[in-house]
Amino acid sequence: MPAVMQMALASYGSSPVVQRVTTGGAARTTSTVLAWAAATAGNLIVIEFICEMNAAAPTTPAGYSLWPSGNFVGGTWTTSIFYKIAAGGETGVTITHGNNVTCSAMREFGNTSGTIDFVAPATGTSVNPDPPSLTPAGGAKNYLWIAGASYITTSVNAFSSGYLNGVTGASTSPGYLTRVSSAERETEAAAVENPGALTLAASSAWVAYTYAVSPA
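End of the sequence shown = 215 in numbering that gives the first Met the number 0, gap-free, step of one.
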C-alpha cells in the first residue's frame, strides 16, 4: 500500500464582519456625542474622527486608544482614529475638543481578535485621495481592510476599487464642510493591501488612510 502523505493546511481565520455603522457630523461646538445601538462584548469599535483646527484638538475618550499617527494634521483639520474592545452595552461616546466643526464614521466589527494594524496616512491635494499600502504585522490572514479619506468642501464620487459598503460622515456647518468617507474590503490569505484611490467631485486637500482588522 502506498504511503499516505498528510499536509497541514494553513489557517487564516474567517474574516471579521462589520456589524454596525454610524456616521455623524456637527456644527461648531466643544464636544461631539456619537450614539449607536448597544455594542456586543468582545467586538472592536473603531471611530474615524475629523476635527476642524479652529481650537484645541480632540481628547482621546476614556477607555479608547488613539492610532499611532495621533491627531494627524492635514489641511486645516485633524484626522484621528479611536478604537477599543467593547465591554458590552456601550451605546455611544462623547469626544471633547475645542470649539470646532466635526464629522465621523464609526464601525463595530465582530469575529475579530481585536487586533488592528495601521500605517502612516498619506496627504495631498487633488480629486484622488490615495490610501497608503499596508503590511500588517501578523502576516497573511483573512483581514477586513478599511480605506478612506478626510477632505473638505466637496463630496465623494467613488470609493477605492473593490471596496464595498462605503459611508460618509459630514459636518453640518455651511461655513466649514468637512467630510470623512471610507469603505471595506475582505481578502483571503492576504499579507499586504494597496487600496486604489477614491474619487472626489472636485479637488481638495485630503488625508487618506488604511487599516486592517484581524480575524478571530
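Built from N, CA and C at the ideal position, the CB exists for glycine as well. The structure presented is a predicted model; accordingly, all values stated were derived computationally and were not measured.
Have a look at residue i and residue j and give me their C-alpha separation to the nearest angstrom.
i: V92; j: A139; result: 33 Å
i: A196; j: V118; result: 16 Å
i: V155; j: G69; result: 25 Å
i: F81; j: G62; result: 10 Å
i: T186; j: Y162; result: 11 Å
i: T122; j: E183; result: 20 Å
i: T39; j: A215; result: 15 Å
i: F48; j: S203; result: 18 Å
i: S160; j: T90; result: 32 Å
i: R19; j: S132; result: 25 Å
i: M0; j: S64; result: Any reading at M0 must be qualified, since the residue scores a pLDDT of 48, below 50, and its modelled position is unreliable; the value itself is stated next. Rounded to whole angstroms, M0 to S64 spans 59 Å at the Cα level.
i: V126; j: S181; result: 15 Å
i: T124; j: P194; result: 18 Å
i: M4; j: P128; result: The pLDDT assigned to M4 is 42, lower than 50, so where the model puts this residue is not dependable; a value taken from the coordinates is nonetheless given after this. Each residue's alpha carbon lies about 50 Å from the other.
Tell me which same chain residues have a C-beta within less than 7 Å of the C-beta of residue i, skipping the five on either side of it?
i: V212; result: P15, L43, F108, T111, I115, Y142, L143
i: T21; result: L33, W35, M105
i: A7; result: Only weak support is given to the placement of A7: the predicted model assigns it a pLDDT of 40, under 50, and the value that follows is read from those uncertain coordinates. Excluding positions up to five away in sequence, the list is empty.
By alpha-carbon positions, which one of the options ends up nearest to residue i?
i: I84; options: W76, R106, F158, V72; result: R106
i: G88; options: A37, V32, A201; result: A37
i: S79; options: A215, Y210, P214; result: Y210
i: A25; options: A169, L133, G41; result: A169
i: V166; options: I145, T75, P60; result: I145
i: E192; options: T90, S13, P130; result: P130
i: V179; options: A190, Y208, G41; result: Y208
i: A86; options: S181, A190, G41; result: G41
Give a yes or no on whether the C-beta atoms belonging to residue i and residue j are separated by under 8 Å.
i: I151; j: S103; result: no
i: A157; j: T198; result: yes
i: V206; j: G23; result: no
i: I94; j: P60; result: yes
i: W76; j: T177; result: yes
i: N164; j: V72; result: no
Residues in the same chain with beta-carbon distance under 8 Å from residue i, minus the five sequence neighbours each way, listed in chain order, please.
i: H96; result: T29, S30, T31, C50, A54, A55, A56, P57, T58
i: R27; result: E51, N53, N98, N99, V100, S172, Y175
i: G137; result: T114, D116, S213
i: S13; result: N110, N141, P214, A215
Report all residues from its chain with a CB closer than 6 Å to the CB of residue i; omit the five preceding and five following residues, and keep chain order.
i: A201; result: T153
i: P135; result: D116, A211
i: A190; result: G138, A139
| query | Which runs of the beta strand (DSSP E), 3 residues or longer, sit entirely within the region 30-100? | reply | You should have 43-51, 71-73, 76-84.
| Length at least 3, wholly inside the region 148-204: the beta strand (DSSP E) runs in chain order | 155-157, 163-169, 177-185
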